[in-house]
Amino acid sequence: MENMSGVPLGRNLALWRTADLEATPESVLANAADEFQLLQTDRPGLGFSRDTCWLRLDVTNPGERRTWLLEFATPSLDYIDIYRIDANAVTHLYRGGDHVPFDERTFAYRNAVAELTAPAQSTIHYLIRVRTTGALNLFLRAWDREAFQQAVVREQIAEGLYFGIMLAMLIYNLFVYFGVHEISYLYYSVFLVFFILMQLAVNGMGYQYLWSAWPGFSD
């Protein structure tokens, strides 16, 4: 667990899929523990499915106790639950996803991010449940808090420049339309409005800044 700066975790994940929406961590461990399959890519993409995905992740910390961040780098996942599996108990650690109200998130960020603790010289077993009606892209990354915060700042600067340029283009075309009354400028302005909204929905920034009170609007 050293130098975690957006480390992809795909190859460390084992997956089991089921159509049973009522499955619990206890029932999964009791009945499907041997059916998990290791994923073979850093960015697993499973297409469109209404199956519930269960992921198993084992994290070894050979050093001192530390806190780390687990990022689900796909903003469109509907529901995410993280459980810690101990010898005698299953503990629910985190609930997230874009169908969960934004103000319930631990981090005010477009992607779901869970803060987890690894005791000194230990191996922690996690079970993760993911449900979504969109694309099942299971791109998970591990971060140190400082590295994550620095990456978010850089990302926000880049996103701000991009959407600032798009907004400037929209305003320019509206001014031209009202000046010359050429209908093509109005059509282009309408196109830009829908394009910007689509981009905001896809990358999760719309959920973060505009419609956080309406979970699921990004669908």
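Each residue of the sequence shown is one higher than the one before, counting from 18 in the numbering used here.
We put the beta carbon where it would ideally sit given N, CA and C, even for glycine.
Where the alpha helix (DSSP H) containing residue i begins and where it ends
i, result
"residue 178", "162 to 197"
"residue 220", "200 to 220"
Continuous beta strand (DSSP E) stretch holding residue i: start and end
i, result
"residue 111", "107 to 113"
"residue 79", "No beta strand (DSSP E) holds residue 79; DSSP gives it neither H nor E."
"residue 153", "152 to 154"
"residue 229", "Careful: residue 229 lies outside any beta strand (DSSP E) and carries neither H nor E."
"residue 140", "139 to 148"
Rounded separation between residue i and residue j - CA only
i, j, result
"residue 167", "residue 74", "26 Å"
"residue 230", "residue 203", "30 Å"
"residue 151", "residue 218", "12 Å"
"residue 54", "residue 209", "43 Å"
"residue 90", "residue 173", "15 Å"
"residue 215", "residue 123", "26 Å"
"residue 102", "residue 228", "35 Å"
"residue 190", "residue 85", "46 Å"
"residue 31", "residue 183", "41 Å"
"residue 178", "residue 171", "11 Å"
"residue 21", "residue 139", "17 Å"
"residue 153", "residue 63", "5 Å"
"residue 43", "residue 149", "21 Å"
"residue 142", "residue 133", "12 Å"
"residue 67", "residue 197", "50 Å"
"residue 49", "residue 104", "17 Å"
Helix, strand or coil at residue i [DSSP, three-state]
i, result
"residue 132", "strand"
"residue 39", "coil"
"residue 59", "coil"
"residue 119", "helix"
"residue 223", "helix"
"residue 101", "strand"
"residue 26", "coil"
"residue 72", "strand"
"residue 94", "coil"
"residue 66", "coil"
"residue 31", "strand"
"residue 49", "coil"
Local Cβ density within 10 Å of residue i, reported as buried at 16 or more and exposed below that
i, result
"residue 100", "buried"
"residue 82", "exposed"
"residue 221", "buried"
"residue 145", "buried"
"residue 147", "buried"
"residue 188", "exposed"
Residue i Cβ short of 7 Å to the ligand ATP heavy atom set
i, result
"residue 163", "The ligand content of the structure shown is nil, which means the ligand ATP is not present either."
The region 57 to 73 in contact with the region 148 to 162 per 3-pair CB rule at 8 Å: yes
Taking one C-beta from the region 110 to 117 and one from the region 128 to 136 each time, how about it: are there three or more such pairs within less than 8 Å? yes
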